[in-house]
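Sequential numbering from 742 applies to the sequence shown in the numbering used here. Cβ atoms here follow ideal geometry from the backbone N, Cα and C, with glycine treated the same way. Given the structure is predicted, the values throughout are model-derived calculations rather than measurements.
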Amino acid sequence: MTPSRITRLTLTHFRNYRTAALSTQADRVVLVGPNGAGKTNCIEAISFLSPGRGLRRATLGDVADNEGDGSWAVSAEVEGALGLATLGTGIEPPQGDATTTRRCRIDREPVGSAAAFGDHLRMVWLTPAMDALFMGAASERRRFFDRLVLAIDSQHSARVSALDRSLRSRNRLLEDYRNADSHWLDAIERETAELAIAVAAQRGQTAARLVAMLDARGASSAFPQARIMLDGWMENALLTEPATAVEDRYRTILRDSRPRDAAAGRTLDGPHLTDLEVIYAPKSMPARDASTGEQKALLIGLVLAHAQLVAEMTTITPLLLLDEVVAHLDPDRRAALFGELEKLGAQVWMTGADPAAFVAIGAGSEIFSVENGRIRPRG
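This is the structure:
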């Protein structure tokens, strides 16, 4: 397995960083400092070196330094699957009403999108915002799972976005259903069905493999086992039926449901409504009914299993971004987490307000202090 590793990170006009740089050869990089110092901002910057909108799902303009000209940049020297490379992304200063476009470069040469970074760097993250995952809306769990798929297939987010656009086009045509051109509807539904199959197939395959990984880890992990399944008929049908048959069925569903969808103002069937069901295996109960501590431990175990799956499927051990992950763990669970991270062999970036929480992190780690948009090695 080839670990994804950042050896130097440079931020320019990103959030509260006017300019900052950090160099490290450590396997575990810890950022400590008071709340609001910029710890999460730093790992958010790293998350932009992957497809999507980063770990906070921010818009491009939102992450720019308030005192700058509206531009921002993130650059990292990485050791990855293709050896040494420099990855960079950011935006230019906004120009009037022109649409802001994110630019991506590898070794200073432009590339089409951040999906190209996946050849060098894979990453997985866990943030406090995910603590409410099991209690929240299905859309949040679906987005979470799509992020897991994306770490394996760097084109997945592009397909999900294309499906969303196709559904919006269909919905617009249905706004005037009585006068809608049936040929246009046939065409857009054909496109929608093709994209839906592509999205659902990758989700279903990833879920099946993750189930196998969770089973393989079993009781060997210090974190409770999760049992997962996708609550979406298309994802499950594709595991046993030919894709062409499932696609034909969905096209028929779309055609037959035009009056209903027109009345609702949205498409009421398809993988855009899929949910992720999670069971807390030690007690055989839905994760939503587990305690807050149990849910946190379950989520950590799920993310660790996924990171191991990414490594096996892509041969690239993903970079892990763990924001405030140890804050609510007891000392035994912290030590267990540090042990599992070391066994995984990934480079891990962690944040925390209390340096004492990381005393057991062991060799191969480096701790940095973050304060007022500055990062420096901790003595």
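Can the beta-carbon of residue i be found closer than 8 Å to that of residue j?
i: L752; j: A761; result: yes
i: E818; j: T827; result: yes
i: R992; j: A934; result: yes
i: S898; j: G793; result: yes
i: A1005; j: V1019; result: no
i: L1060; j: I747; result: yes
i: R883; j: L1017; result: yes
i: I969; j: L980; result: no
i: G802; j: G811; result: yes
i: A1046; j: R958; result: yes
i: G1080; j: D768; result: no
i: L915; j: R999; result: yes
i: R944; j: F886; result: yes
i: T765; j: A822; result: no
i: A949; j: A1022; result: no
i: F964; j: I1041; result: yes
i: W1090; j: V815; result: no
i: L908; j: H1013; result: yes
i: D1071; j: T1015; result: no
i: Q896; j: A856; result: yes
To which residues of the same chain is residue i closer than 7 Å at the C-beta, ignoring the five residues directly before and after it?
i: R900; result: L936, A939 and V940
i: Q1049; result: M954 and L1085
i: I893; result: T947, V1051, M1054 and T1055
i: R1115; result: A761
i: E988; result: A934, E935 and I938
Assuming residue i and residue j make a contact with CB atoms under 8 Å, what is their CB distance in whole Å?
i: S745; j: R863; result: 6 Å
i: R1075; j: A1101; result: 6 Å
i: A1068; j: G1093; result: 6 Å
i: A942; j: A984; result: 6 Å
i: T1008; j: R911; result: 6 Å
Leaving out five residues on either side along the sequence, give the residues of the same chain with a beta carbon under 6 Å from the beta carbon of residue i.
i: R797; result: E785
i: A1038; result: F964 and P965
i: F1099; result: V771
i: R749; result: S764 and E818
i: R846; result: G829
Only counting the same chain, and skipping five residues up and downstream in sequence, which positions put a Cβ closer than 8 Å to that of residue i?
i: M1026; result: I1020
i: S962; result: G1042, L1045, A1046 and E1081
i: M871; result: F885 and L1040
i: D927; result: R996
Within 7 Å: the Cβ of residue i and any heavy atom of the ligand MN?
i: Q1036; result: In terms of ligand content, the structure shown is empty, and the ligand MN therefore cannot be addressed.
Closer than 8 Å is the cut-off here; do at least three beta carbon pairs connect the region 916-930 with the region 972-979? no
Restricting to runs no shorter than 3 residues, where is the beta strand (DSSP E) found entirely within the region 853-881? 864-867
Decide yes or no for the touch test of the region 754-768 against the region 803-815: beta carbon pairs closer than 8 Å, at least 3 of them. yes
Could you tell me whether the region 773-788 touches the region 1109-1120, using the rule of 3 or more Cβ pairs below 8 Å? yes
Cβ contact (3+ pairs, closer than 8 Å) linking the region 836-844 and the region 867-882: no
Are there three or more Cβ pairs, one per stretch, closer than 8 Å when the region 1061-1071 is compared with the region 850-869? yes
Can you list the beta strand (DSSP E) stretches of 3 or more residues lying completely in the region 922-991, in chain order? 967-972
Considering only residues of the region 749-836, which uninterrupted beta strand (DSSP E) runs meet the minimum length of 3 residues and lie entirely inside it, listed in chain order? 758-764, 769-773, 813-821 and 824-832
Taking the runs of the alpha helix (DSSP H) that are 4 residues or longer, which of them lie wholly in the region 1078-1117? none
Which complete alpha helix (DSSP H) runs does the region 988-1067 hold, if anything under 4 residues is left out? 999-1005 and 1033-1055
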